[in-house]
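Notes follow the structure.
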Amino acid sequence: MNALDFNCKDINIRVWAHDYPSRRDILDLAREHIAKEVLKHIPTGVSWYVWVLPVASSYGSDAEQLFFSSCQPSCGDQESI
Numbered sequence: 518m519n520a521l522d523f524n525c526k527d528i529n530i531r532v533w534a535h536d537y538p539s540r541r542d543i544l545d546l547a548r549e550h551i552a553k554e555v556l557k558h559i560p561t562g563v564s565w566y567v568w569v570l571p572v573a574s575s576y577g578s579d580a581e582q583l584f585f586s587s588c589q590p591s592c593g594d595q596e597s598i
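Residues 518 to 598 (my numbering) are what the sequence shown spells out, left to right.
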């Protein structure tokens, strides 16, 4: 925040979330749930906002790599095919 910012809040919560259709359908509900949890932990008079930002993404993990490697035949298997 700086002198040129308007409507600054004491607490700024930004959630970057993978964007897919079913998530878009519940975006406001998810934000409201986060906001209710925030209100349990901040004193009265503290200003805040929750901003959920759906972003385009591509996801991979070690589990995905293990799955793909287990699906590929080994060199010995290829010779017998």
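The beta-carbon is built from N, C-alpha and C at its ideal position, and this holds for glycine as well.
| Item | Value |
| --- | --- |
| Between the alpha carbons of residue 536 and residue 556, how many angstroms are there, rounded? | 26 Å |
| Closest to residue 574 by C-alpha separation, out of 522, 528 and 533, would be which residue? | 533 |
| Using DSSP's beta-bridge definition, name the partner residues of residue 570. | 533 |
| For residue 551, name the three-state secondary structure that DSSP assigns. | helix |
| Work out the CA separation of residue 571 and residue 606 for me, nearest whole Å. | Absent from the model: residue 606. The displayed extent of the chain is 518 to 598, so no value can be given. |
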